[in-house]
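J.: Counted from 1, the sequence shown has number 229 at position 233 by our numbering; the numbering is strictly sequential. Take this structure first; my questions come after.
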Amino acid sequence: MTNISLRTIVQAAAFAAVALACAQAPAAEQDVARRGVQSGQLKPLNSIIADMSRQYGGRVIDVETKHGRKGELRYEIKIIDARGTKHEVLVDAATGTVVAQESDWPTQPVGLAQMARYIQQLEQRYGSRVVNAEFERDAQGKAVYEVKLSDRPAGEMKLLVDVNTGEVLTPPQTAGTPAAPKSMAVMLESLRPRFSGLVLEVELETDHRRRPYYSVELQQPNGFKLELEVDAVSLEVTRQKVDD
-3 MTNISLRTIV
7 QAAAFAAVAL
17 ACAQAPAAEQ
27 DVARRGVQSG
37 QLKPLNSIIA
47 DMSRQYGGRV
57 IDVETKHGRK
67 GELRYEIKII
77 DARGTKHEVL
87 VDAATGTVVA
97 QESDWPTQPV
107 GLAQMARYIQ
117 QLEQRYGSRV
127 VNAEFERDAQ
137 GKAVYEVKLS
147 DRPAGEMKLL
157 VDVNTGEVLT
167 PPQTAGTPAA
177 PKSMAVMLES
187 LRPRFSGLVL
197 EVELETDHRR
207 RPYYSVELQQ
217 PNGFKLELEV
227 DAVSLEVTRQ
237 KVDD
């Protein structure tokens, strides 16, 4: 039997603790989840994470909140097993059961020629240059591309595009006058009571609804990198992720 050093155990435990602490939902969603757990309607997130770690024989590296078609709370959990293979699963928050996983998602990224056509169509339609396109899964496990287009002066505009058809699934909202984002300095000050670390990068971006948010990267004392997404208007932390 292979001996595991105390240092390895301590490092693994430390990473798990950091990942668990950083895998939190926005404040409003946290309140809903807390009430759901207290009433017995939802399973505690730490219990779900422990179950997934055991089931896949690995460590959880990222947790994001998602919602099903009827608004039901779900967790998108990424796990790396002992062989270094990454698994992505969608877990029902009420039961803790896996409702979808990568093996259930047969659609794969498209090739160069098809991707070039998608980008050309988007640039012609929106009059902006595509600066990034990334293959993702939505809350139902559907294959999409998250596409960023340059949109000065409000950072970037994001769209979700169907992988199979190139159809824009979440066009930018144009109705109404958006609220002005808080300044970067004000946003950073708002993080201080809850977060700490050395600032690696801060950037103002725009999501697929054209809502501005700040992307913040903080170097932690243990060497890990904490990534935050902060609503630029409400200053609510909407996403947290830790990378080693």
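Quick reminder that beta carbons are idealized off the backbone N, C-alpha and C, glycines included. None of these values were measured; they are calculated from a predicted model.
State the DSSP-derived secondary structure class of P128, mapped to helix, strand or coil.
T.: The identity of residue 128 in the sequence shown is Asn, whereas the question assumes Pro. Strand, per DSSP.
J.: In angstroms, rounded to a whole number, what distance separates the CA positions of Q97 and Q37?
T.: Going from the Cα of Q97 to the Cα of Q37 covers about 23 Å.
J.: Can you tell me whether DSSP reads A17 as helix, strand or coil?
T.: Its pLDDT being 40, under 50, A17 is placed unreliably by the model, and the measurement read from it follows with that caveat. Correct three-state label for A17: helix.
J.: Starting from A139, follow its DSSP beta bridges and name the residues at the other end.
T.: In DSSP, A139 forms a bridge with R133.
J.: Does the structure place the region 33 to 48 close enough to the region 80 to 90 that three or more beta carbon pairs sit under 8 Å?
T.: Segments in contact, yes.
J.: Given a cut-off of 8 Å on the beta-carbon distance, is the pair A232 and K221 in contact?
T.: The sequence as given places Glu at residue 232; Ala does not occur at that position. No, the Cβ-Cβ distance between E232 and K221 is not below 8 Å.
J.: Alpha carbon to alpha carbon, how far is S211 from H63? Give it in angstroms, no decimals.
T.: Approximately 22 Å, taken between the alpha carbons.
J.: Could you check the C-alpha separation between E163 and D239 for me, to the nearest Å?
T.: Their Cα atoms are separated by approximately 32 Å.
J.: Please report the distance separating the alpha-carbon of S186 from that of M180.
T.: Their Cα atoms are separated by approximately 10 Å.
J.: Considering only residues of the same chain and omitting the five flanking positions on each side of L69, which have a CB-CB separation below 6 Å?
T.: Same-chain partners within the cutoff: A89.
J.: How is the beta strand (DSSP E) around Q68 delimited, first residue to last?
T.: The displayed chain sequence assigns Glu, not Gln, to residue 68. From DSSP, E68 is part of no beta strand (DSSP E); its letter is neither H nor E.
J.: Compare the Cα-Cα distances from L200 to each of E152, D77 and A175 and report the closest residue.
T.: Checked all of E152, D77 and A175; the closest Cα to L200 is E152.
J.: Is it buried or exposed, V182, if we count other Cβ atoms within 10 angstroms and call 16 or more buried?
T.: The residue in question, V182, is exposed, as its Cβ has fewer than 16 Cβ neighbours within 10 Å.
J.: Based on the DSSP secondary-structure assignment, which residues constitute the bridge partners of Y210?
T.: According to DSSP, Y210 bridges with L200 and V226.
J.: What's the gap between the Cα of R125 and the Cα of R30?
T.: Computed Cα separation, rounded: 42 Å.
J.: Can you tell me whether DSSP reads R50 as helix, strand or coil?
T.: In this structure, R50 counts as helix in the three-state DSSP scheme.
J.: Comparing C-alpha positions only, which one of A129, P177 and S146 sits nearest to V157?
T.: Checking every option, the nearest Cα to that of V157 belongs to A129.
J.: Just checking my contact of K237 with D47 at CB under 8 Å: how many whole Å lie between their CB atoms?
T.: Contact flag wrong, Cβ pair sits at about 21 Å.
J.: Residues in the same chain with beta-carbon distance under 8 Å from G32, minus the five sequence neighbours each way, listed in chain order, please.
T.: Cβ within range, chain order: L38, L69, A89 and A90.
J.: Just checking: is the beta-carbon of N218 within a distance shorter than 8 Å of some beta-carbon in chain D?
T.: The displayed structure is made up of one protein chain only, and chain D is not part of it.
J.: Beta carbon of V143, beta carbon of E132: below 8 Å?
T.: Cβ distance not < 8 Å, so V143 and E132 don't count as in contact.
J.: Where does the unbroken beta strand (DSSP E) through A96 begin, and where does it stop?
T.: Element bounds for A96: V94 to Q97.
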